[in-house]
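Numbering (UniProt numbering), first residue to last: 1 to 693.
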């Protein structure tokens, strides 16, 4: 035989004798069929095409599956028939190998037990046999044209015997059985690739062909897809098989969660079981494809679900909202009920949120979750939190608990009840564990954000006076709006301090930047001003010393400041001494004469060694107001448009004569309402009004 693999190698010019060596892979049967087809054409044996291709497929497929070695294929054609020999190189004793049998009825059952391949060979071949060689074994079959003389010379047997084998050949016999055409149709039947769900029609077609071939009165194909619906009828033929009859049952060769069987109400016959097995295998192949396709679709759906769940959980920075969101994500898609427990510093669990697919069962769920004892849900949850791994839950609320662990810290447990109709499969368990990891991380992030927010709010409150002083004849009012990120500390601040000479000092400032560093500079500025003015230092000198302090400190932070010392003037007036250090000019709101900017800008503190802060002396008549603000007001944005100083002045003008708190509140509302966006910078407004009459 040829030692080459690939295209056929010829032992001479006769195209009716061909030999080839092929590898043991899934393409070998097709290559062998092509070889047989070419010999049939050369020998003008087209009438043997169906049987030859069918038997060649069976022998090569069996050899590939069981021998798993290279195969030598020999095809010999003559005037009256065709001989095909398939040889492998599998090691093993002769006793372990299949022995050819005579084509007679007495030994048909023995053939059937060995598999459908030999049975089909025995049914369609004129003669067939096995040949044992030192290197392996060969199986050959002979197909004769109809009417050929019995005893025609056999090519495969004698040739193999000459090589040292032991041929086994038998005389053909006629007996009833499936035709090659029917077998070919059964083998070639395939699902409609364009149908939405082709399996029912495909299974019905296969079952109908099988039942007609073996003369069955009825048949069923039942399939359980593991979706909780149990075994459903996928295909039906004839009358429903009766339980009292001796039914032929063949399990479907599918993987979990799929399971099923083919059931046939057929009279016992030689070919019923092998053909049923063949049909079940062919159907199982497409059921496996369906299972894999559905599994892939399901995994894609789980990936989408996890991505959406992760995005939702990541967007929530509120601890309580996150706790409530987690069970809503799980139920009903991943369980019938879900409960989130959080652990305190001593490891004690507290129910944070729970939900059930049936809201009427919620009271019972809460009751079960509160129960204590060795076999209670609480004890299982504590165990899951303690050991840090999945723990099953028994009793009426069957399910399992997954620990919530983030950054090595155990935060609590996620308990999930099983679906009403089926238990969780491995894919669902893996998804739930992933959800638990994402939920734990979301809870931890929300807690960290809450702690940052609490620290920021505490620090921000420490930089602002808790209340403004109540002074006879002088009205003070302030509005403060932090930036949109409530976990950040702003650099805007205001204060009202008593001066040693009986006057009051209004302070409005803005430190560059945000965060802890800006807050530290803000605290430094407030404290330095308080110390200096309490020692009676003049305002220009206090500003100079404060500038030196910031310059020496370094760090690139600077501060704009507006100082206004206010005290009684002549009659009912108030005298104001205004000093600006790089700060926006305040708005003077006259009771009956509109609004105008006052003061002269100076040098911001912390940038230069020397500063200029020109003083402006003002008088406030009864009802007049002086409005201080930070750049968070004037730089409020609506797209590319700024609120601006001119809009501020125009907004303040109609408020002449109103009390200080009304003016401050109205200006705050106007600035916030200018844009739908959250403030990008802190907004501080302080109003000083002459309330003397």
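Glycine included, C-beta positions come from ideal geometry on N, C-alpha and C.
Computed from a predicted model, the values in this text were never measured in an experiment.
**Prompt:** Would a C-beta distance cut-off of 8 Å place residue 84 and residue 57 closer than the cut-off?
**Reply:** One-based indexing of the chain shown puts residue 84 at position 84. One-based indexing of the chain shown puts residue 57 at position 57. 8 Å or more divides the Cβ of residue 84 from the Cβ of residue 57.
Separation of residue 603 from residue 304, as counted between CA atoms: As a position in the chain shown, residue 304 is number 304, starting the count at 1. As a position in the chain shown, residue 603 is number 603, starting the count at 1. The alpha-carbon atoms of residue 304 and residue 603 are separated by roughly 57 Å.
Classify residue 261 as helix, strand or coil using the three-state DSSP reduction. Residue 261 sits at position 261 when you count from the first residue of the chain shown. If DSSP states are grouped into helix, strand and coil, residue 261 belongs with the strands.
Can you tell me which residues form a DSSP beta bridge with residue 562? If you number the chain shown from 1, residue 562 lands on position 562. Answer is 508, 580.
Check your understanding: Which of helix, strand or coil does DSSP assign to residue 527?
Key -> Within the chain shown, residue 527 is the residue found at index 527, counting from 1. In the structure shown, residue 527 sits in a helix (DSSP, three-state: H, G or I).
Taking three-plus beta-carbon pairs below 8 Å as touching, is the segment 247-263 in contact with the segment 190-197?
Contact between the segment 247-263 and the segment 190-197 is absent, because fewer than three Cβ pairs lie under 8 Å.
Here's a check: name, in chain order, each residue in its chain whose Cβ is nearer than 6 Å to the Cβ of residue 434, leaving out the five neighbours to either side.
Translated into positions along the chain shown, residue 434 becomes position 434. Closer than 6 Å at the Cβ level, and outside the excluded window around residue 434, lie 306.
* To do: Taking 8 Å as the cut-off, decide whether the C-beta atoms of residue 275 and residue 220 are in contact.
  => For this step, residue 275 is matched to residue 275 along the chain shown. For this step, residue 220 is matched to residue 220 along the chain shown. Contact: no.
_With a threshold of 7 Å on Cβ separation, who are the neighbours of residue 218 within its own chain once the five nearest residues in sequence on each side are excluded?_
Within the chain shown, numbered from 1, the residue matching residue 218 stands at position 218. The answer, listed in chain order, is 237, 238, 239, 240, 241, 265.
- Could you tell me the distance, in whole angstroms, from the CA atom of residue 594 to the CA atom of residue 448? By one-based count along the chain shown, residue 594 stands at place 594. By one-based count along the chain shown, residue 448 stands at place 448. Using only the alpha carbons, I get a separation of about 49 Å.
Exercise. Is it the case that the Cβ atoms of residue 28 and residue 71 are separated by a distance below 8 Å?
Worked result: Start at 1 with the first residue of the chain shown, and residue 28 comes out as number 28. Start at 1 with the first residue of the chain shown, and residue 71 comes out as number 71. Cβ distance < 8 Å, so residue 28 and residue 71 count as in contact.
Between the C-alpha atoms of residue 514 and residue 521, what's the straight-line distance to the nearest angstrom? Here residue 514 refers to the residue found at position 514 of the chain shown. Here residue 521 refers to the residue found at position 521 of the chain shown. Looking at the two C-alpha atoms, the distance is approximately 10 Å.
Does DSSP classify residue 694 as helix, strand or coil? The question about residue 694 has no answer here: the residues shown for the chain are numbered 1 through 693.
Name, in chain order, the residues that DSSP records as bridge partners for residue 341. As a position in the chain shown, residue 341 is number 341, starting the count at 1. Looking at the DSSP assignment, residue 341 forms a beta bridge with 351, 413.
| field | residue 672 in three-state terms, based on DSSP | value | The residue labelled residue 672 in the question sits at position 672 within the chain shown. Helix, per DSSP.
*Leaving out five residues on either side along the sequence, give the residues of the same chain with a beta carbon under 6 Å from the beta carbon of residue 628.*
If you number the chain shown from 1, residue 628 lands on position 628. So the list reads 508, 562, 586, 686, once near-sequence residues are dropped.
Which value, in whole angstroms, describes the spacing of the CA atoms of residue 235 and residue 295? Translated into positions along the chain shown, residue 235 becomes position 235. Translated into positions along the chain shown, residue 295 becomes position 295. Approximately 22 Å, taken between the alpha carbons.
| request: Determine the direct distance from the alpha carbon of residue 575 to that of residue 569, and round the result to whole angstroms. | output: Position 569 of the chain shown, counting from 1, holds the residue named residue 569. Position 575 of the chain shown, counting from 1, holds the residue named residue 575. Their Cα atoms are separated by approximately 5 Å.
(message) Determine whether the beta carbon atoms of residue 369 and residue 401 lie at a separation below 8 Å.
(response) The residue labelled residue 369 in the question sits at position 369 within the chain shown. The residue labelled residue 401 in the question sits at position 401 within the chain shown. Result no, Cβ atoms of residue 369 and residue 401 do not sit closer than 8 Å.
For residue 491 and residue 518, believed in contact at Cβ under 8 Å, the rounded distance
For the purposes of this step, residue 518 is taken as the residue at position 518 of the chain shown. For the purposes of this step, residue 491 is taken as the residue at position 491 of the chain shown. Taking a contact as a CB-CB distance under 8 Å, the pair residue 518 and residue 491 counts as one, their CB atoms being some 4 Å apart.
Subject >> Beta bridge counterpart(s) of residue 224 as assigned by DSSP >> reply: As a working mapping, residue 224 is identified with position 224 in the chain shown. Answer is 259.
(request) Would you mind giving the Cβ-Cβ distance between residue 506 and residue 688, rounded to the nearest angstrom? I have them listed as a contact below 8 Å. (result) On the chain shown, residue 506 is found 506 positions in, with the first residue counted as 1. On the chain shown, residue 688 is found 688 positions in, with the first residue counted as 1. Their Cβ separation, rounded to whole angstroms, is 6 Å, which keeps residue 506 and residue 688 in contact under 8 Å.
Less than 8 Å between the CB atoms is what I'm expecting for residue 322 and residue 415, so what's the real figure, rounded? Translated into positions along the chain shown, residue 322 becomes position 322. Translated into positions along the chain shown, residue 415 becomes position 415. Rounded, the Cβ-Cβ distance is 17 Å, inconsistent with contact.
Residues that residue 586 bridges to, as DSSP identifies them:
Here residue 586 refers to the residue found at position 586 when the chain shown is read from its first residue. Partner(s): none; residue 586 has no beta bridge.
Supposed close pair residue 473, residue 500 - CB separation, criterion 8 Å:
Mapped onto the chain shown, residue 473 falls at position 473. Mapped onto the chain shown, residue 500 falls at position 500. Contact between residue 473 and residue 500 does not hold, since their C-beta atoms are separated by about 19 Å, which reaches or exceeds 8 Å.
| message | Here's a check: name, in chain order, each residue in its chain whose Cβ is nearer than 8 Å to the Cβ of residue 145, leaving out the five neighbours to either side. | response | As a working note, residue 145 is residue 145 in the chain shown. For residue 145, where only same-chain residues beyond five positions count, the Cβ hits under 8 Å are 45, 47, 48, 80, 81.
Check: Can you list, in chain order, the residues of its chain whose CB lies under 7 Å from that of residue 533, leaving out five sequence neighbours each side?
Finding: Stepping through the chain shown from its first residue, residue 533 is reached at position 533. Taken in chain order, the residues that qualify are 497, 499, 505, 542.
Legend entry - Boundaries of the alpha helix (DSSP H) in which residue 129 is found, first to last residue: Numbered from its first residue, the chain shown carries residue 129 at position 129. Run containing residue 129: none in the alpha helix (DSSP H); it sits in the beta strand (DSSP E), 127-133.
**Prompt:** Less than 8 Å separating the beta-carbons of residue 591 and residue 623?
**Reply:** If you number the chain shown from 1, residue 591 lands on position 591. If you number the chain shown from 1, residue 623 lands on position 623. Yes, they are a contact pair.
* Any contact of the segment 422-432 with the segment 353-366, i.e. 3+ C-beta pairs under 8 Å? -> no
Kindly provide the ranges of any alpha helix (DSSP H) runs that are 4 or more residues long and lie completely inside the segment 609-645, ordered along the chain. As far as the segment 609-645 is concerned, its whole alpha helix (DSSP H) runs of at least 4 residues are 631-634.
*Length-filtered (4 minimum) alpha helix (DSSP H) runs lying within the segment 184-223*: The qualifying runs are 199-214.
List the endpoints of the continuous beta strand (DSSP E) containing residue 483. Taking the chain shown and counting its residues from 1, the one referred to as residue 483 is at position 483. Run containing residue 483: none; DSSP gives neither H nor E here.
Practice task
Compute the Euclidean distance between the alpha carbons of residue 33 and residue 272, then round it to the nearest angstrom.
Solution key: Counting from one through the chain shown, the residue named residue 33 turns up at place 33. Counting from one through the chain shown, the residue named residue 272 turns up at place 272. Approximately 27 Å between the Cα atoms of the pair.
Practice task
Kindly list the residues whose CB is nearer than 7 Å to the CB of residue 614, restricted to its own chain and excluding five residues on each side of it in sequence; keep chain order.
Solution key: By 1-based counting over the chain shown, the position of residue 614 is 614. Cβ neighbours of residue 614 beyond the five flanking positions: 600, 602.
- Are residue 138 and residue 86 touching if we call contact CB-CB under 8 Å? Your numbering for residue 138 matches position 138 in the chain shown. Your numbering for residue 86 matches position 86 in the chain shown. Yes, these two residues count as a Cβ contact at 8 Å.
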